[in-house]
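Trainee: What follows is a structure written as structure tokens; I'll ask about it next.
Residue numbers (this note's numbering): 9 to 636.
Quick look at the structure:
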């Protein structure tokens, strides 16, 4: 029996989705009398991988509602492979007796259990002539054979040879410390302090941080909330409901937490989900025709400018949802008249809003939403704290109104609903060099994260309770952290007398993908040997791993490798927002890409099988598991 071999390196969400797509399309390519062997290389349990492992703290949450997470295709997904429907995370949880509502936010461990089930489901449903082999190891090198087939070397000394195709789906990868981070490491070692690099908090042992020890968390995004939970509830503290929110009951084991960020405030709370699993707002300005127009300009060498050409369309979409939610539901006259102002009629938007009695202080303002404190200088930490709590309480109230009924959160959730359309415009050098660097990386991506990928409402309520209990203090905007007298001193430039002294400094953020600075042995090997290259837009390196539009790796000489593919987070820069999950009923680009790569890999494997290329040979120790 002819046998051809494919290797997937990394088996977390992207790898699992790719495996499912390989299994689904295999009968079309691997005919009777032939065999396909799929090698899965993953050091952690396949399915969840390291990030979503099932044994992590139950205090760590996803920031997506359970009904909006899937790994399966459905009728909305435009792909060439067969549609094989399966349960979303909520449906799976319900069938397995988990106490999880459709609009609740699962723990990461629960998501990991779902991913493990999906992986095992794929094993059980694989065609009879498809064998899935699990190798519990890291891949450390990938090289060409003289025949053109591929060899992967594993960290346990084994090698996989004569592979038709290798697919990289590695997810979050470690980075080497930067010059600034190395300086902080050296300062901490010299003075007996503690410095924690940008990391996944679930990977860290925080037990050495003593009760009442002053700790600075630099960053107020999603990582901050992970640390906040682990250092409070994770140490025995409790949040008790009150009539207006939560009250924190201290265990006495918490450190004294300080936190800061450039804006001085946390990411916006996500509006309570009212869209169900399939609901979304459809764009009225960023149409298929507009997307096609921008892509045609890219082909002609005239890539658009994000700030001047794409941002105005995004702004119109968001503002339309805001006012439509506030006034337009059931009021077609307003919808028609306001939309006409956006489409270039002689109608004036302010006049229409006046006619429908929209108060001036309720009108949409990007400045107020993105920087609510404005340029204000606070004379004392107490004045700042009072303003901050009022702002946080307001954010909780807005989130409770929901992402359909609440004008503010409905508008901000439109930024999530626009992701697919924006990816189609931005991905694969869709912007000019300076626009990608300044407008996308330097401005819109951070703004988008702040406004639309924040934590569930529960986390902001917990934050308020910790501030009121004196366990947490937010320093304020524009922080300054300096080394002095064997400690770190931190203050806000916008809050007078805000300086604090800390002995532990935590960079509370995940590192951004950067191929040149990778600590992953496989990517480092490929880069050092000229077998891959960083993605660049006219010389500006985005940090991503460069691939073609069909996801083939591109080497240092600019050559596309027909037997190597890559998907997922290491491609950030080539593609936009690669860390997002696939949503059911959404024609997910993530599922489209997995299907495209799987079918290209199967076509290559079939060609090798038809030509009589030999199957793979694994040398060294036996593999860790088989599935069929």
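Beta carbons are placed, not taken as given, at the ideal position from N, Cα and C, and that holds for glycine.
Using C-beta distances below 6 angstroms, list every residue in its chain close to residue 528, excluding the 5 sequence neighbours before and after it, in chain order.
Mentor: One-based indexing of the chain shown puts residue 528 at position 520. So the list reads 181, once near-sequence residues are dropped.
Trainee: Would you list, in sequence order, the uninterrupted alpha helix (DSSP H) runs of no fewer than 4 residues that lie entirely inside the stretch 543-623?
Mentor: 597-619
Trainee: I'd like to confirm the pairing. Which residues does DSSP put opposite residue 13 in its beta bridges?
Mentor: On the chain shown, residue 13 is found 5 positions in, with the first residue counted as 1. The partner list for residue 13 (beta bridge, DSSP) reads 45.
Trainee: On the criterion of 16 or more Cβ atoms from any shown chain inside 10 Å, does residue 509 qualify as buried, or is it exposed?
Mentor: As a first step, residue 509 must be located in the chain shown, where it is residue number 501. Residue 509 should be labelled exposed.
Trainee: Going by alpha carbons, who is nearest to residue 295 out of 432, 161, 390 and 597?
Mentor: Reading the chain shown from its first residue, position 287 is the one you call residue 295. Residue 295 has its Cα closest to that of 432, out of 432, 161, 390 and 597.
Trainee: Since residue 176 contacts residue 17 with CB under 8 angstroms, what's their CB separation in whole angstroms?
Mentor: Mapped onto the chain shown, residue 176 falls at position 168. Mapped onto the chain shown, residue 17 falls at position 9. Yes, they are in contact, since the Cβ atoms of residue 176 and residue 17 sit about 5 angstroms apart, within 8 angstroms.
Trainee: How would you write the range of the beta strand (DSSP E) that residue 170 sits in, first residue to last?
Mentor: Numbered from 1 along the chain shown, position 162 holds the residue referred to as residue 170. Run containing residue 170: 167-171, per the beta strand (DSSP E) assignment.
Trainee: Taking the alpha-carbon positions, what's the residue 597 to residue 428 distance?
Mentor: Counting from one through the chain shown, the residue named residue 597 turns up at place 589. Counting from one through the chain shown, the residue named residue 428 turns up at place 420. If you draw a straight line from the Cα of residue 597 to the Cα of residue 428, it is about 7 angstroms long.
Trainee: Under 7 angstroms, do residue 133 and residue 602 count as touching if we go by C-beta distance?
Mentor: As a position in the chain shown, residue 133 is number 125, starting the count at 1. As a position in the chain shown, residue 602 is number 594, starting the count at 1. Not in contact: residue 133 and residue 602 (Cβ atoms no closer than 7 angstroms).
Trainee: What would DSSP say about residue 256, mapped onto helix, strand or coil?
Mentor: Taking the chain shown and counting its residues from 1, one reaches residue 256 at position 248. It is a strand residue.
Trainee: Look at the alpha carbon of residue 248 and the alpha carbon of residue 396, and state the distance between them as a whole number of angstroms.
Mentor: As a position in the chain shown, residue 248 is number 240, starting the count at 1. As a position in the chain shown, residue 396 is number 388, starting the count at 1. Each residue's alpha carbon lies about 21 angstroms from the other.
Trainee: Among residues of its own chain, excluding the 5 on either side of residue 327, which ones have a beta-carbon nearer than 8 angstroms to its beta-carbon?
Mentor: As a working mapping, residue 327 is identified with position 319 in the chain shown. Closer than 8 angstroms at Cβ, skipping near neighbours: 350, 372 and 419.
Trainee: Name the residue from 169, 183 and 46 whose alpha carbon lies nearest to the alpha carbon of residue 1.
Mentor: Past the boundaries of the shown model lies residue 1; the chain is included only from 9 to 636, so the question cannot be answered.
Trainee: Between which two residues does the beta strand (DSSP E) harbouring residue 158 extend?
Mentor: One-based indexing of the chain shown puts residue 158 at position 150. Its beta strand (DSSP E) spans residues 158-162.
Trainee: Classify residue 314 as helix, strand or coil using the three-state DSSP reduction.
Mentor: For this step, residue 314 is matched to residue 306 along the chain shown. Residue 314 falls in the helix class under three-state DSSP.
Trainee: Where does residue 151 sit, in a helix, a strand or coil, going by DSSP?
Mentor: Here residue 151 refers to the residue found at position 143 when the chain shown is read from its first residue. Strand at residue 151.
Trainee: Are there three or more Cβ pairs, one per stretch, closer than 8 angstroms when the stretch 506-521 is compared with the stretch 115-126?
Mentor: The stretch 506-521 vs the stretch 115-126: no contact.
Trainee: By a C-beta neighbour count over all protein chains shown, 10 Å radius and 16 as the cutoff for buried, is residue 494 buried or exposed?
Mentor: For the purposes of this step, residue 494 is taken as residue 486 along the chain shown, with counting starting at 1. Its Cβ having fewer than 16 others within 10 Å, residue 494 is exposed.
Trainee: From what residue to what residue does the alpha helix (DSSP H) around residue 265 run?
Mentor: What you label residue 265 is simply residue 257 of the chain shown in a count that begins at 1. Counting along the chain, residue 265 falls outside any alpha helix (DSSP H), though it belongs to the beta strand (DSSP E) covering 264-268.
Trainee: Let me know if residue 609 comes out buried or exposed under the rule of 16 or more other beta-carbons within 10 Å of its beta-carbon.
Mentor: For this step, residue 609 is matched to residue 601 along the chain shown. By the neighbour-count rule (16 or more Cβ atoms within 10 Å), residue 609 is buried.
Trainee: What does the Cβ neighbour count give for residue 39, buried or exposed, with the cut at 16 atoms within 10 Å?
Mentor: Residue mapping note: residue 39 aligns to position 31 of the chain shown, counting from 1. Burial call: exposed.
Trainee: Could you have a look at residue 113 and say whether DSSP puts it in helix, strand or coil?
Mentor: As a working note, residue 113 is residue 105 in the chain shown. In this structure, residue 113 counts as coil in the three-state DSSP scheme.
Trainee: Which partner residues does residue 515 have in the DSSP bridge list?
Mentor: By one-based count along the chain shown, residue 515 stands at place 507. Bridge partners of residue 515: 226.
Trainee: Of all the options 157, 374, 51 and 606, which has the alpha carbon lying nearest to the alpha carbon of residue 89?
Mentor: Position 81 of the chain shown holds residue 89. Proximity to residue 89 across 157, 374, 51 and 606 peaks at 606, based on C-alpha coordinates.
Trainee: Rounded to whole angstroms, what is the Cα-Cα separation between residue 234 and residue 209?
Mentor: Position 226 of the chain shown, counted from the first residue, corresponds to residue 234. Position 201 of the chain shown, counted from the first residue, corresponds to residue 209. Using only the alpha carbons, I get a separation of about 7 angstroms.
Trainee: Relative to the C-alpha of residue 268, which candidate in 576, 568 and 503 has its C-alpha closest?
Mentor: As a position in the chain shown, residue 268 is number 260, starting the count at 1. Of the listed residues, the one whose Cα sits closest to residue 268 is 503.
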